[in-house]
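Taking it in order: structure first as structure tokens, then the write-up.
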Amino acid sequence: MADPMRIRAQASGDKATVRVLMSHEMESGQRKDAAGKTVPAWFIQEVTATHNGKPVLSAEWGPAVSKNPFLQFAVKGAKAGDKIAVTWKDSKGDTRTDEATVS
Amino acid sequence: MKHSLSVLLAAGLMTISLSSLAQKTASQGIDEYRAMLQDGNPADLFEAKGEGLWTQKRGPKNASLEKCDLGKGPGVFKGAFVELPKYFADTGRVQDLESRLLTCMETLQGFNAAEISKTPFGRGEQVNMTALATWVAAESKGMKFNLPQANQAEKTFYEVGKRLFFQRGGPHDFSCASCHAEDGKRIRLQDLPNLTKNPGDGVGFAAWPAYRVSNGQMWGMQQRLNDCYRQQRFPYPGFASDATIALGVYLGVNSQGSASIAPAIKR
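Sequence order for the protein chains is A and B. If you're matching positions, the first sequence starts at 191 in my numbering and goes up one per residue. If you're matching positions, the second sequence starts at 26 in my numbering and goes up one per residue.
Below you can see the structure in the form of structure tokens.
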């Protein structure tokens with residue numbers, strides 16, 4: 191089971207800024223281990239975000255994204271108390287969803 | 026005409042960007058880069074993990090660390106980091122945060138401390154150790170260092186740490202002081218703090234544990250100091266060794282009154 195994400199969502203004006211920190215190795219598949227064998231690629235492929243259950247963002251990621259990635263985006267119309275949920279799915283099929291309340 | 030105008034415009038833009046570049050030193054550029062990263066410091070992930078580990082029942086004794094005495098009484102973690110390393114009567118040793126956590130993991134949870142000490146950094150229980158240290162340090166963020174020096178053992182460790190800091194050796198005849206005893210030195214683009222005096226808020230001892238962006242690793246002070254020895258072409262003194270703790274006392278006492286920014290973010 192993957193470690194939880196850290197999601198912060200802060201409303202200002204007519205939008206909320208969401209900042210997400212994901213815990214993931216993001217192996218590119220280009221590195222070799224101490225024995226000289228290629229470390230198999232393992233990275234987040236799909237990221238989706240919902241605002242009160244309604245999809246607001248979907249992204250396709252590749253192996254060029256850094257380890258422990260940070261994602262920031264703005265959601266129009268999100269107010270304090272609203273729920274923002276973020277889901278990622280990686281190349282091994284592992285997935286994780288975390289939710290935060292807009293403050 | 027149109028063509029020459031656009032060339033002129035391009036030339037004008039170039040001078041603007043060149044002059045703005047010239048006004049900014051490399052270290053200012055790095056500071057800006059760090060400030061940009063600070064907002065999404067992945068150290069937060071380790072901090073959250075450490076917080077969970079503190080209350081989680083683990084180890085052969087299936088116990089949590091909630092009764093761990095980090096120097097301010099059992100279970101008190103707020104402000105503990107800025108008073109470490111210090112002398113602990115129960116172990117009869119001067120201990121830093123990580124060696125003290127190791128003691129707690131052994132006495133409360135029943136882990137084998139010697140085995141954890143031998144585990145390479147970033148593997149097995151050492152991962153949990155770093156996460157715990159990150160969280161405890163973060164609970165003292167912004168507080169000022171105030172290491173006790175009342176006990177004779179603490180004074181001795183300060184003197185030992187000072188000597189180790191200036192002790193030259195190895196194939197390059199290096200000491201810590203070779204790089205960290207003068208103002209304004211740098212390695213590649215990294216500014217090197219002068220650690221023989223107080224380097225100020227959030228510099229040197231007050232910046233670790235830290236997340237290193239370049240290799241995506243979270244490092245505690247133990248790994249930082251052990252790796253300094255590796256850079257001097259010495260073998261590791263070892264996790265929770267007296268040598269690294271003595272250096273910690275020397276650096277920590279020198280940082281008296283400086284605010285901790287740990288967990289920081291590094292290149």
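Even for Gly, the Cβ is constructed at its ideal location relative to N, Cα and C. No experiment lies behind these values; they were computed from the predicted model shown.
Using beta-carbon distances, valine 238(B) counts as an interface residue toward chain A, with a partner under 9 Å. DSSP places alanine 88(B) in the strand class (E or B) of the three-state scheme. Cα atoms of aspartate 193(A) and alanine 88(B): separation of roughly 22 Å, rounded to the nearest angstrom.
Under the three-pair Cβ rule at 8 Å, the segment 47-62 of chain B counts as touching the segment 203-218 of chain B.
Contacts with chain B (Cβ-Cβ distance below 7 Å) from the segment 204-227 of chain A involve Arg209, Leu211, Ser213, listed in chain order. An exposed status is given to aspartate 198(B), since fewer than 16 other beta-carbon atoms sit within 10 Å of its beta-carbon. When DSSP reads this structure, glycine 194(B) sits in a beta bridge with Phe199(B).
If you look at phenylalanine 71(B), you'll find it in the alpha helix (DSSP H) that goes 68-80. In this structure, the alpha-carbon of serine 281(A) lies about 10 Å from that of tryptophan 251(A). In this structure, the straight-line span from the alpha carbon of phenylalanine 71(B) to that of asparagine 219(B) is close to 29 Å. Contact check for leucine 95(B) against leucine 109(B) passes: the beta carbons are separated by less than 9 Å.
In the displayed model, tryptophan 160(B) falls within a helix according to three-state DSSP. Proximity of glycine 149(B) to chain A, defined by a Cβ-Cβ separation below 9 Å, is not satisfied. In the three-state reduction of the DSSP assignment, phenylalanine 263(A) falls in the strand class, which pools E and B. Apart from sequence neighbours up to five positions away, the residues of its chain that approach glutamate 207(B) with a beta-carbon distance below 7 Å are Asn219, ordered along the chain. Residues of the same chain with a CB within less than 7 Å of the CB of alanine 265(B), apart from the 5 flanking positions on each side, are Glu123, Ser124, Leu127, Ser142, Gln247 in chain order. Residues of chain A with a Cβ closer than 9 Å to the Cβ of aspartate 64(B) are, in chain order, Arg209, Phe260, Gln262.
Boundaries cannot be given for aspartate 121(B), as no alpha helix (DSSP H) includes it and DSSP labels it neither H nor E. For lysine 74(B), the chain A residues whose Cβ falls inside 7 Å of its Cβ are Asp193, in order along the chain.
Put simply, the CB of proline 234(B) is far from chain A, with every gap to its CB atoms at 9 Å or more. Ranked by how close their Cα comes to the Cα of serine 239(B), the residues Val246(A), Gln200(A), Lys222(A), Asn258(A) have Asn258(A) in first place. Rounded to whole angstroms, the separation of the alpha carbons of proline 85(B) and alanine 287(B) is 31 Å.
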